[in-house]
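What follows is a short report on a single structure.
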Amino acid sequence: SQKIEQNSEALNIQEGKTATLTCNYTNYSPAYLQWYRQDPGRGPVFLLLIRENEKEKRKERLKVTFDTTLKQSLFHITASQPADSATYLCASGGYGNKLVFGAGTILRVKS
Amino acid sequence: GAGVSQSPSNKVTEKGKDVELRCDPISGHTALYWYRQSLGQGLEFLIYFQGNSAPDKSGLPSDRFSAERTGGSVSTLTIQRTQQEDSAVYLCASSLDGLAGGPGREQYFGPGTRLTVT
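Going down the list, the sequences are from chains C and W.
Count along the first sequence from 1, then add 548; that gives the number in the numbering used here.
Count along the second sequence from 1, then add 326; that gives the number in the numbering used here.
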């Protein structure tokens, strides 16, 4: 079955720098990957979706890549701000829109 | 418009009791999902409803867990004879649709119900 692996260690970066988060999938190439943001005590909030045939997707300060050779997606936040501090979840999707989530990576942006 | 709502926000129950968790999806969304999130863990898929189709129950961990969706809207997740390992945050999400081979709709999550079994 599909497994989504995200770095379990928190990522600490300085304000203004680019944060890069990694998502690896272990099995078949999913039809798409989704990225969500989750703040403490709240449900996840959708950020971006990238399809298998797309190399890169951008939205404001966010950029996602999908490399089917490496079985990996990278999530970038440019010009990071303390308000970007949260847990970021990667999820793979396919049949029936069921999502398989990774455990998430905590991002801390320090001013 | 209103987002996904869940109730109660917190539930403390004694081991062996039954609990019901409620989810009100966004109006017009035909797909509804239940997930479970344990501390420091990712979201674990439980069950998925799409329109009038039979639900996908492949993620339910045991027969103590069941869910229904009435009138294509509100959903209730029931846990019978609760155990301590059932303690977690239960999250509900809805999306426009969840069709096989579809475009992959984003899911809108509720705030969750924190269940504590003592």
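C-beta atoms are modelled at their ideal positions from N, C-alpha and C, and glycine is treated no differently.
The structure displayed is predicted, hence computed values, not measured ones.
Backbone secondary structure at residue i - three-state DSSP
| i | result |
| --- | --- |
| residue 433 of chain W | coil |
| residue 396 of chain W | helix |
| residue 410 of chain W | helix |
| residue 558 of chain C | coil |
| residue 382 of chain W | strand |
| residue 344 of chain W | coil |
| residue 632 of chain C | helix |
| residue 646 of chain C | coil |
| residue 553 of chain C | strand |
Beta-carbon gap between residue i and residue j smaller than 9 Å
| i | j | result |
| --- | --- | --- |
| residue 584 of chain C | residue 651 of chain C | no |
| residue 563 of chain C | residue 578 of chain C | no |
| residue 415 of chain W | residue 350 of chain W | no |
| residue 381 of chain W | residue 362 of chain W | no |
| residue 637 of chain C | residue 586 of chain C | yes |
| residue 627 of chain C | residue 606 of chain C | no |
| residue 333 of chain W | residue 404 of chain W | no |
| residue 371 of chain W | residue 384 of chain W | yes |
C-alpha distance - residue i paired with residue j, whole-angstrom precision
| i | j | result |
| --- | --- | --- |
| residue 615 of chain C | residue 593 of chain C | 24 Å |
| residue 656 of chain C | residue 379 of chain W | 42 Å |
| residue 589 of chain C | residue 603 of chain C | 33 Å |
| residue 617 of chain C | residue 346 of chain W | 44 Å |
| residue 573 of chain C | residue 398 of chain W | 33 Å |
| residue 331 of chain W | residue 635 of chain C | 21 Å |
| residue 338 of chain W | residue 411 of chain W | 13 Å |
Range covered by the beta strand (DSSP E) that runs through residue i
| i | result |
| --- | --- |
| residue 575 of chain C | Per DSSP, residue 575 of chain C belongs to no beta strand (DSSP E) and is neither H nor E. |
| residue 357 of chain W | 357 to 363 |
| residue 540 of chain C | Past the edges of chain C, shown from 549 to 659, lies residue 540 of chain C, and the structure says nothing about it. |
| residue 654 of chain C | 653 to 658 |
Residues near residue i by beta carbon distance below 6 Å, same chain, minus five either side
| i | result |
| --- | --- |
| residue 659 of chain C | 563 and 630 |
| residue 407 of chain W | 342 and 390 |
| residue 307 of chain W | Within the shown structure, residues of chain W are numbered from 327 to 444, placing residue 307 of chain W beyond reach of any answer. |
| residue 597 of chain C | 580 and 582 |
Cut-off 8 Å between Cβ atoms - residues of its own chain near residue i, not counting five sequence neighbours on either side
| i | result |
| --- | --- |
| residue 431 of chain W | 357, 421, 422, 423 and 424 |
Cβ-based neighbour list, residue i, same chain, cut-off 7 Å, excluding 5 preceding and 5 following
| i | result |
| --- | --- |
| residue 369 of chain W | 361, 363 and 417 |
| residue 556 of chain C | 651 |
| residue 561 of chain C | 567, 628 and 657 |
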